[in-house]
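Asker: The sequence shown begins at 2 in the numbering used here and counts up one residue at a time.
Think of the CB as a built atom: it goes at the ideal place given N, C-alpha and C, for glycine as much as any other residue.
Sending over a structure as structure tokens; questions will come in a sec.
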Amino acid sequence: MSLAVSLAMAAPASAAPCKHRNVTPRSSNLSKVRSAVRCLVNRERSSRGIAKLTYSGALSKAAQSHSKNMVSMDFFDHVAPNGSTPQSRSNAAGYPGSFVGENIAWGSGPLATPRKIVKRWMDSSGHRANILHPEYRDQGVGVATGNPQGGAGATYTNAFGRKS
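Next up, the structure:
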């Protein structure tokens, strides 16, 4: 059996593409964009035999707030100007985890789609390590229109965690 046949047979039958993966974020479709990011991240994990992450409302709240703050306050960092960190934001949002991580990104035009953002994360060793970390169990996604430099586009935060 050839390698190509082996790989094709190993792919899960439910490997349909994630819906809305190529959607350009707009204020009217951000729930679809967030859902696409969660799907793409879980696709990366499951393709490597790593358990999928469960949606967390608290992590989503922390991620959404951080994305909005980066746009409105013109900064791009894991530590906000007020000193909040991924850990403090997730705890303040009600997530009881002591093991959290965070990926952030922004893009404009065709580079702002969920597919392009997750690809950029997967092309970066640190971001890929967060996505594929086997100890994480939960995720939340935040997306805000605009970018930290004051232009068009979208700013993403993907928060990861494991409850204490």
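Around the Cβ of Met74, are there at least 16 other Cβ atoms within 10 angstroms (buried) or fewer (exposed)?
Answerer: Answer is exposed; the Cβ neighbour count stays below 16.
Asker: Quick check on the DSSP output: the beta strand (DSSP E) that includes Ala145 runs from which residue to which?
Answerer: Here the beta strand (DSSP E) through Ala145 covers 139-146.
Asker: Give me the Cβ distance between Gln65 and Gly143, rounded to the nearest whole Å; I'm assuming they're in contact under 8 Å.
Answerer: Confirmed, Cβ separation roughly 3 Å.
Asker: Three-state secondary structure (DSSP) at Gly1?
Answerer: This structure gives no information on residue 1, because the portion of the chain shown stretches from 2 to 165.
Asker: For a test of the three-state rule: what should DSSP assign to Arg46, helix, strand or coil?
Answerer: In this structure, Arg46 counts as helix in the three-state DSSP scheme.
Asker: Quick one: using the 10 Å Cβ neighbour count with 16 as the cut-off for buried, is Gly95 buried or exposed?
Answerer: With fewer than 16 Cβ atoms within 10 Å of its Cβ, Gly95 is classed as exposed.
Asker: What three-state label does DSSP hand Gly162 in the structure shown?
Answerer: Gly162 falls in the strand class under three-state DSSP.
Asker: Classify Phe76 as buried or exposed, calling it buried when 16 or more other Cβ atoms lie within 10 Å of its own Cβ.
Answerer: Looking at its Cβ environment, which holds fewer than 16 other Cβ atoms inside 10 Å, Phe76 is exposed.
Asker: Would you call Pro18 buried or exposed, if buried means 16 or more other Cβ atoms sit within 10 Å of its Cβ?
Answerer: So Pro18 counts as exposed.
Asker: With C-beta atoms as the reference, is Ala106 less than 9 Å away from Thr25?
Answerer: Taking 9 Å as the Cβ cut-off, Ala106 and Thr25 do not qualify as a contacting pair.
Asker: Rounded to whole angstroms, what is the Cα-Cα separation between Ser1 and Lys69?
Answerer: No answer is possible for residue 1: the residues shown for the chain start at 2 and end at 165.
Asker: Quick check on this structure: which residue in Ser61, Pro97, Glu103 has the alpha carbon closest to the alpha carbon of Ala81?
Answerer: Nearest of Ser61, Pro97, Glu103 to Ala81, Cα basis: Glu103.
Asker: So who's on the other strand from Thr156, going by DSSP bridges?
Answerer: Paired residue(s): Trp107, Ala145.
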